[in-house]
Amino acid sequence: AQSVTQLDSQVPVFEEAPVELRCNYSSSVSVYLFWYVQYPNQGLQLLLKYLSGSTLVKGINGFEAEFNKSQTSFHLRKPSVHISDTAEYFCAVSDRGGSQGNLIFGKGTKLSVKP
Amino acid sequence: DAGITQSPRHKVTETGTPVTLRCHQTENHRYMYWYRQDPGHGLRLIHYSYGVKDTDKGEVSDGYSVSRSKTEDFLLTLESATSSQTSVYFCATSPGTSRSYEQYFGPGTRLTVT
């Protein structure tokens, strides 16, 4: 069975500082990996995804993530955060060989950007 | 973004009453999903559909049923609502191609069971 662990439930950071949100997954098969963002009182929006190829994936709003197969990690980074990045971020994994495309989500990391 | 709407957006109901939530999509996506979101639990899959009249259970399906009579509509029913079903419910869709299982989410329905 697959699982996703987001190592930090809350991450406070000052504006313009760099940030890393950590995600580790467990799976016996090859996977697709995703990061979603949820702004207050909204649905989830895709930030970026890893399907294959380059292990460094760039997404929207200046975020990027690196797939590390040996460490089974997919950490999300941004070199300089803005107040508007305050949101909850979810890492998710999907079985590459599965037919239903079901996603397993982590429990989320709340990013709080302070001025 | 996929056009996904959910109705109602907010609902307060009493314990023991039936409740139906509706998800409507305009993208002709094959797959549709219902999740619940609770603090500290992230999103958990309730049921999903891989085609008209084709559905299956997810991680937390007890107390819920679903139906999909048309590609664009996916209904979630709580047969007899309980306080433990107070949650925010999200619908999602996916084209389900072999290249990507990216899911698109609706705005959510906040359900309170008193």
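Chains A and B, in that order, give the protein sequences.
Under my numbering, read the first sequence as residues 73 to 187, first letter to last.
Under my numbering, read the second sequence as residues 1324 to 1437, first letter to last.
Here a beta-carbon is modelled for each residue, glycine too, at the ideal position from N, C-alpha and C.
All values reported here derive from a predicted model rather than from experimental measurement.
Residues that DSSP places opposite residue i in a beta bridge
i: V129 of chain A; result: A:A137
i: D1379 of chain B; result: B:Y1371
i: D1361 of chain B; result: B:G1365
Three-state secondary structure (DSSP) of residue i
i: S145 of chain A; result: strand
i: S1406 of chain B; result: helix
i: D157 of chain A; result: helix
i: Y1424 of chain B; result: coil
i: G1374 of chain B; result: strand
i: A73 of chain A; result: coil
i: L1434 of chain B; result: strand
i: L79 of chain A; result: coil
i: L123 of chain A; result: coil
i: Y1354 of chain B; result: strand
i: N174 of chain A; result: coil
i: Y111 of chain A; result: coil
i: R1332 of chain B; result: coil
i: R94 of chain A; result: coil
i: A1415 of chain B; result: strand
i: P187 of chain A; result: coil
i: V101 of chain A; result: coil
Assumed close pair residue i, residue j - CB separation to whole angstroms, cut-off 8 Å
i: L1398 of chain B; j: V1389 of chain B; result: 6 Å
i: Y97 of chain A; j: F135 of chain A; result: Y97 of chain A to F135 of chain A, Cβ: 18 Å. No contact.
i: G180 of chain A; j: P1430 of chain B; result: The Cβ separation is near 18 Å, so there is no contact.
Option nearest residue i by Cα separation, candidates the options
i: L1411 of chain B; options: B:R1433, B:E1425 and B:P1418; result: In the sequence as presented, Leu is not what sits at residue 1411 of chain B; that position holds Val. Comparing Cα positions, the closest option is B:R1433.
i: P112 of chain A; options: A:E160, A:V85 and A:L175; result: A:E160
i: L1366 of chain B; options: B:V1375, B:D1377, B:E1382 and B:S1330; result: B:E1382
i: F106 of chain A; options: A:Q114, A:S124, A:P90 and A:P84; result: A:S124
i: D1379 of chain B; options: B:H1370, B:Y1424, B:Y1387 and B:G1386; result: B:H1370
i: E92 of chain A; options: A:S152, A:A73, A:Q143 and A:K121; result: A:S152
i: T77 of chain A; options: A:I132, A:L120, A:K150 and A:Q143; result: A:Q143
i: R1345 of chain B; options: B:I1327, B:R1353, B:D1377 and B:S1384; result: B:I1327
i: Y1450 of chain B; options: A:E88, A:Q117 and A:F162; result: Since the first residue of chain B shown is 1324 and the last is 1437, residue 1450 of chain B is not available in this structure.
7 Å Cβ cutoff, residue i in contact with chain E
i: K179 of chain A; result: The chain labelled as chain E is not found among the protein chains of the depicted structure, namely A and B.
Checklist line | Near-chain B residues of the segment 95–123 of chain A (beta-carbon distance less than 9 Å), N- to C-terminal order | finding: With the criterion set as a beta carbon lying under 9 Å from some beta carbon of chain B, the members of the segment 95–123 of chain A are Y104, F106, Y108, Q110, N113, Q114, G115, L116, Q117, L118, K121 and L123, in sequence order.
Notebook entry, point to check: What are the residues of the segment 1346–1364 of chain B that lie near chain A, defined by any Cβ-Cβ distance shorter than 7 Å?
Noted result: Residues of the segment 1346–1364 of chain B whose Cβ lies closer than 7 Å to any Cβ of chain A, in chain order: Y1354, G1363 and H1364.
Item checked: chain A contacts from the segment 1384–1410 of chain B (Cβ-Cβ distance under 8 Å) -> Listed in sequence order: no entries.
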